[in-house]
Amino acid sequence: MAGQADKKLARENAKTLNNLFYQFLIFNIIYILVRIFYFYPTFTTWVAVKYFTTTGITLYLGYQLLQFGTPRYQNGVLISPGNDLAAKGLTEYMFDVIYVTWCIHMLSIVWEGAWWFYLIIPGYAIYKAWDVLFRPYFGANANETPGLSKRQQKRQQRQESGMSKVK
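Structure follows, in structure tokens:
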């Protein structure tokens, strides 16, 4: 039997996924109506490739979030609320990529150079990878040995003065 917390998480996940679906429809309908129909002369093959590629990425991430966060029911009973879609980490980055993609789509309606902003995503990934994986080894403090903690300093002072505790 699912508890109240599981039921609340299932409702929040269902609401989040429903909102994501409607936002996807709204942003893509706006793009198609305005960019393809209104600004058709500037809708080149290269623009179509960029649009459909980034929309494919959005669809893939949306599908992953759907699989990740969909509540599971059996005979009307909640079996699993799904994973928390408001969690930090990879889920958060998936939503960020989706939202950045939609912003770029809206901006690219009026400015062709907006597609360059899509480089923010791999740039941020490289920054985070550097920060987590490489900075401890290649950063400014990489060769420094960690100093003694206050507790270790006190113990060392007691040992030097001959007042160490016997254990």
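Numbering (full-length UniProt numbering), first residue to last: 1 to 167. All C-beta atoms in this analysis are idealised placements derived from N, C-alpha and C, irrespective of residue type, glycine included.
N-terminal and C-terminal residue of the alpha helix (DSSP H) that residue i is part of
i	result
L78	No alpha helix (DSSP H) contains L78, which is instead part of the beta strand (DSSP E) from V77 to S80.
R151	K150 to S161
G3	Looking at the DSSP string, G3 is not in any alpha helix (DSSP H), and its letter there is neither H nor E.
W102	L90 to S108
G69	T45 to G69
G123	I120 to A129
Y38	No alpha helix (DSSP H) holds Y38; DSSP gives it neither H nor E.
F138	R135 to F138
CB contact flag (residue i, residue j, <8 Å)
i	j	result
T91	F68	yes
T58	F24	yes
T70	G82	yes
N28	T55	yes
L107	A10	no
F117	I104	yes
Buried versus exposed call for residue i [16 or more other C-beta atoms within 10 Å across all chains shown]
i	result
Y51	buried
S149	exposed
L33	exposed
W102	buried
N75	exposed
N19	exposed
R35	buried
Close beta carbons around residue i, own chain, < 8 Å, minus the five adjacent residues each side
i	result
M94	L61, Q64 and L65
F39	I109
Endpoints, the beta strand (DSSP E) within which residue i is located
i	result
R72	R72 to Q74
Residues near residue i in its chain [Cβ-Cβ closer than 6 Å; skip 5 each side]
i	result
M1	Confidence is the limiting factor: at M1 the pLDDT is only 48, short of 50, which leaves the residue's position unreliable and the question unanswerable from this model.
T16	L85
S80	R72
Cutoff 7 Å; reference residue i; Cβ partners in own chain excluding five residues on either side
i	result
I120	V100
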